[in-house]
Amino acid sequence: GDIGAQKERAKNDALERKDFLFRYVHRIPRLMAHLDKPVIAAINGAARGAGLDMALMCDLRIMAESATLAESYIDVGLIAGDGGTYYLPRLIGIPRALELFWTGRVIGAAEAERIGMVCRAVPDAELMATTYELARSIASQPFEAVRAYKRSVYQGMTMSLDAHLDMVSAHTSILRDTPEHRAKVEAFLQRKQKK
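Take the sequence shown: its letters are residues 26 to 220, numbered as in the working numbering.
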């Protein structure tokens, strides 16, 4: 974040600062959480603090091999206030997340991929091409199914198994009535007949 702006806001009292965070800063992760479309981050350079948290809000992350990540809030005596404490433990587990929060340690692309912070680490020159290729691949799939997957995965993280299966059966039943499903089944059957 902008350290100068933070210094200026520090002149406000704690309640005003909390209200500012909730109204303005936290609006972003709340909006991102409700997007029905997949959101892909292409990480190039140094993603620190809020920059990393913004990437963590995305559904998928592709990272350039020379890029680095750090939850660096601890270096200025703060905690991740932009969603990092929500997203990072869900991606890499509590012990690894706490280590990164408590130390502010910088990690590279290979480690980020190994521990699950990013889907792929790619050569710098291939970052945007790889990201766009993934986006095109997802965009070529039936949108209603893509949206149902996103909802099922995220909502399922807070549900019992029975509630989750009930939700998935509703999504599946609805998807069976879509033109995209019927077209995909018809294309599959035609390919099978040609063999």
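Backbone N, C-alpha and C define an ideal beta-carbon position, used for all residues, glycine too. Just so you know, these numbers come straight off a predicted model, no measurement behind them.
- E169 and L200 have their C-alpha atoms roughly 7 Å apart.
- In the pairwise beta carbon analysis, the segment 172–180 is classified as not touching the segment 206–220: fewer than three pairs are separated by under 8 Å.
- Note that the C-beta distance between I53 and A67 is not below 8 Å.
- The three-state secondary structure of M184, taken from DSSP, is coil.
- Put simply, the backbone Cα of S194 is about 16 Å away from that of Y179.
- By the criterion of a C-beta distance shorter than 8 Å, C83 is surrounded in its chain by M57, V64, I65 and A66, once the five residues flanking it on both sides are discounted.
- The residues M88, L94, V143 and A146, in chain order, have a CB closer than 7 Å to that of A137 in the same chain once the five nearest residues on each side in sequence are set aside.
- Distance between H51 and Q166, taken at the CA atoms: about 31 Å.
- For R73, the enclosing beta strand (DSSP E) starts and ends at A71 to R73.
- Counting only the Cα atoms, A164 lies some 27 Å from Y111.
- In the three-state reduction of the DSSP assignment, G133 falls in the strand class.
- The alpha helix (DSSP H) runs of length 4 or more contained entirely in the segment 130–169 are, from start to end of the chain, 134–139 and 152–164.
- In this structure, I140 keeps its C-beta atom at 8 Å or more from the C-beta atom of I104.
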